[in-house]
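First comes the structure, then the notes that go with it.
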Amino acid sequence: MIRAAVVGAGLAGLRVADRLARAGAEVRVFEKARGVGGRMSTRRSDFGAFDHGAQYFTARDPRFRTQVEAWVEAGKAAHWPGRVVRLAEGRVLAEEACVDRFVGVPRMNAVVRDLLGSIEAELGVRIEAIRRGEQGYTLHCDAGFEFAGFDLVVVAVPPAQALPLVASSETLRAAIAGVEMWPCHATMLGFESPVEVAFDGALVESDAIAWIARNDSKAERGKAACWVVHSRAAWSERHVDLETAEIGRQIEAEFARVVGVALPPVAFRATHRWLYARPVRPLDGATLFDAEAGIGVCGDWTRGDTVEDAFLSAEALADAILPRFGLG
Ligand SMILES: Cc1cc2nc3c(=O)[nH]c(=O)nc-3n(C[C@H](O)[C@H](O)[C@H](O)COP(=O)(O)OP(=O)(O)OC[C@H]3O[C@@H](n4cnc5c(N)ncnc54)[C@H](O)[C@@H]3O)c2cc1C
Numbered sequence: 009m010i011r012a013a014v015v016g017a018g019l020a021g022l023r024v025a026d027r028l029a030r031a032g033a034e035v036r037v038f039e040k041a042r043g044v045g046g047r048m049s050t051r052r053s054d055f056g057a058f059d060h061g062a063q064y065f066t067a068r069d070p071r072f073r074t075q076v077e078a079w080v081e082a083g084k085a086a087h088w089p090g091r092v093v094r095l096a097e098g099r100v101l102a103e104e105a106c107v108d109r110f111v112g113v114p115r116m117n118a119v120v121r122d123l124l125g126s127i128e129a130e131l132g133v134r135i136e137a138i139r140r141g142e143q144g145y146t147l148h149c150d151a152g153f154e155f156a157g158f159d160l161v162v163v164a165v166p167p168a169q170a171l172p173l174v175a176s177s178e179t180l181r182a183a184i185a186g187v188e189m190w191p192c193h194a195t196m197l198g199f200e201s202p203v204e205v206a207f208d209g210a211l212v213e214s215d216a217i218a219w220i221a222r223n224d225s226k227a228e229r230g231k232a233a234c235w236v237v238h239s240r241a242a243w244s245e246r247h248v249d250l251e252t253a254e255i256g257r258q259i260e261a262e263f264a265r266v267v268g269v270a271l272p273p274v275a276f277r278a279t280h281r282w283l284y285a286r287p288v289r290p291l292d293g294a295t296l297f298d299a300e301a302g303i304g305v306c307g308d309w310t311r312g313d314t315v316e317d318a319f320l321s322a323e324a325l326a327d328a329i330l331p332r333f334g335l336g
């Protein structure tokens with residue numbers, strides 16, 4: 009049986025893991041965080057839940073559309089009918105185009121958990137090096153122990169984190185080197201009562217803020233008045249080393265200015281820093297698979313910057329791996 013290791017339990021990693029497992033491989037997933045989902049994640053608090061990474065996803069490609077329809081059917085995803093506008097200084101400038109937007113339910117990572125199914129996953133394990141020897145690949149983790157005997161490795165993490173893991177493939181190293189990601193601060197604000205504005209999400213014209221969304225307008229999020237505020241990439245880069253508590257204070261003040269209404273008292277505030285949020289310039293979509301070495305890389309940044317791109321990059325990599333290993 010082919011033994012496969014997948015590093016990274018975001019959507020891309022788990023879609024490849026799912027395809028390999030269905031095709032008959034023995035798959036083991038390694039994830040540094042305590043849960044799966046990666047940038048499709050939700051912060052739970054005593055006040056309420058906040059999707060602090062991806063806000064929603066769209067499905068334009070027929071393959072992703074089919075997957076999204078299956079998730080909706082299974083109750084893992086739902087349509088988000090939120091009103092999305094362009095906003096400047098408290099004024100709605102325009103309506104955003106009406107497209108089908110979806111969210112995971114009850115949390116954004118529900119769809120990623122669905123792909124994990126019964127696949128074995130090592131959570132809280134950061135892979136620091138991957139070495140190739142006579143017995144296949146060995147994964148070395150931060151706690152000092154190792155996992156050996158893999159025929160095939162998939163690296164599904166952002167480029168800066170992927171680079172040290174593909175040392176065994178000169179081709180992959182050359183393809184990945186130089187791909188940069190913007191940081192983003194996600195500030196979560198909970199209010200004692202609803203913020204009286206007539207939209208659910210807004211692209212904001214502000215130096216500090218790019219996007220705001222009323223989290224409780226999404227399915228099964230509860231009734232607490234929870235807002236997520238994403239900083240503009242260049243602003244986050246300028247403030248990347250500032251304490252998150254101070255970021256939160258500055259963003260709350262700017263939020264008050266851009267929505268332009270009197271705000272209810274703030275009952276909850278937290279800021280999460282995504283160091284690798286969105287690619288500055290994604291790659292062109294070529295499949296990153298070193299067939300001779302049996303190692304591949306995938307992730308949104310190999311072709312774009314969305315949830316759908318993460319899924320499609322995984323599809324392309326799985327399509328390349330399966331025939332090479334006689335799977336499926
Ligand atoms: C703030 C923000 C807002 C966004 N908004 C949207 C949106 O509205 N719509 C949209 O479509 N997309 C959005 N995106 C992008 C979307 O979240 C991503 O495209 C998608 O989730 C990427 O999935 P992935 O599997 O490629 O990577 P990730 O989700 O980043 O998964 C990589 C995983 O690898 C793990 N990992 C990294 N290094 C290691 C290691 N050494 N060992 C073990 N594990 C490791 C990480 O912990 C992570 O779980 C947003 C992203 C951010 C950050």
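Count along the sequence shown starting at 1, add 8, and that's the number in our numbering. For every residue, glycine included, the Cβ atom is placed at its ideal position computed from N, Cα and C.
Continuous beta strand (DSSP E) stretch holding residue i: start and end
| i | result |
| --- | --- |
| Pro191 | 189-199 |
| Arg139 | 135-141 |
| Val120 | From DSSP, Val120 is part of no beta strand (DSSP E) but of the alpha helix (DSSP H) over 118-124. |
Within 9 Å, strictly: CB atoms of residue i and residue j
| i | j | result |
| --- | --- | --- |
| Gln305 | Val133 | Reading off the sequence shown, one finds Val at residue 305, where the question assumed Gln. Cβ atoms of Val305 and Val133: not closer than 9 Å. |
| Val203 | Leu95 | no |
| Leu28 | Ala318 | no |
| Arg139 | Ala175 | yes |
| Glu316 | Arg47 | no |
| Gly98 | Val237 | no |
| Glu154 | Leu160 | no |
Residue i CB to nearest heavy atom of ligand 1 below 8 Å
| i | result |
| --- | --- |
| Cys306 | yes |
| Arg91 | no |
| Gln143 | no |
| Arg286 | yes |
| His238 | yes |
| Trp4 | Residue numbering for the chain in the displayed model covers 9 to 336; residue 4 lies beyond these limits and cannot be assessed. |
| Val161 | no |
| Glu323 | no |
| Gln258 | no |
| Gly152 | no |
Candidates the options: closest to residue i by CA position
| i | options | result |
| --- | --- | --- |
| Arg257 | Ala326, Glu97, Arg277, Val37 | Arg277 |
| Arg308 | Glu39, Pro167, Arg115, Ala210 | The residue asked about is misnamed: residue 308 is Asp in this sequence, not Arg. Of Glu39, Pro167, Arg115, Ala210, the residue nearest in Cα terms is Pro167. |
| Leu180 | Val80, Arg246, Gly302 | Gly302 |
| Ala118 | Ala275, Phe65, Val93, Ala232 | Phe65 |
| Arg73 | Glu323, Arg332, Ile329 | Glu323 |
| Phe158 | Val212, Ala328, Gly21, Ala12 | Ala12 |
| Gly56 | Gln75, Glu39, Arg115, Arg30 | Arg115 |
| Met9 | Val24, Val35, Ala17 | Val35 |
| Asp26 | Pro290, Asp224, Ile127, Pro70 | Ile127 |
Alpha carbon of residue i to alpha carbon of residue j, nearest angstrom
| i | j | result |
| --- | --- | --- |
| Cys192 | Glu254 | 15 Å |
| Gly144 | Val44 | 26 Å |
| Gly334 | Glu130 | 26 Å |
| Ala194 | Gln169 | 21 Å |
| Ser201 | Asp208 | 15 Å |
| Gln63 | Glu142 | 44 Å |
| Pro287 | Ala31 | 31 Å |
| Ala328 | Gly112 | 28 Å |
| Ser244 | Ile220 | 15 Å |
| Trp235 | Trp79 | 25 Å |
| Arg246 | Ile135 | 29 Å |
| Arg289 | Ala216 | 21 Å |
Extent of the continuous alpha helix (DSSP H) to which residue i belongs
| i | result |
| --- | --- |
| Pro331 | 315-332 |
| Trp243 | 241-246 |
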